[in-house]
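The block underneath contains the structure these notes are about, expressed in structure tokens.
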Amino acid sequence: MHGGTAKDLPDLIGFDINEALETLDRLGYKVKEVQVTKPIFATEPIGGAKVVRLKPVGDNLLQVVVAYQDYLKGGA
């Protein structure tokens, strides 16, 4: 199994979320949380979710941060 430090993590930045989750599972990592980051006034996501960060939160346990390709915009 893997140590869980940032330098030990596979480089999955830019991967589609489903492909990244399959790869992490195959490598023995568990995902605690998938978090979505988005602009303040974003409403509905457009396009696929892409991985923008992998954060170790425990031994072989990760938080995966994703962003969608674009968003519909709303007003404030």
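If you want our numbering, it's the 1-based position in the sequence shown plus 61.
Where a beta carbon is used, it is the ideal one built from N, C-alpha and C, also for glycine.
A quick note: this is a predicted structure, and the numbers were derived from the prediction, not measured.
Classification of residue i by the beta-carbon crowding that lies within 10 angstroms, buried from 16 upward
i, result
"Gly64", "Confidence is the limiting factor: at Gly64 the pLDDT is only 49, short of 50, which leaves the residue's position unreliable, though a coordinate-based value still follows. With fewer than 16 other Cβ atoms within 10 Å, it is exposed."
"Ile107", "exposed"
"Val118", "exposed"
"Leu133", "exposed"
Continuous alpha helix (DSSP H) stretch holding residue i: start and end
i, result
"Ile78", "Ile78 to Arg87"
Endpoints, the beta strand (DSSP E) within which residue i is located
i, result
"Pro106", "Ala103 to Gly119"
"Leu73", "Careful: Leu73 lies outside any beta strand (DSSP E) and carries neither H nor E."
"Lys91", "Lys91 to Val97"
"Asp131", "Leu122 to Lys134"
Interface flag, residue i vs chain C, CB-CB below 9 Å
i, result
"Leu133", "Chain labels in this structure do not include chain C; a single protein chain is all it has."
For residue j and residue i, believed in contact at Cβ under 8 Å, the rounded distance
i, j, result
"Leu122", "Lys93", "5 Å"
*Between the segment 96 to 108 and the segment 66 to 80, do at least 3 Cβ pairs fall closer than 8 Å?*
no
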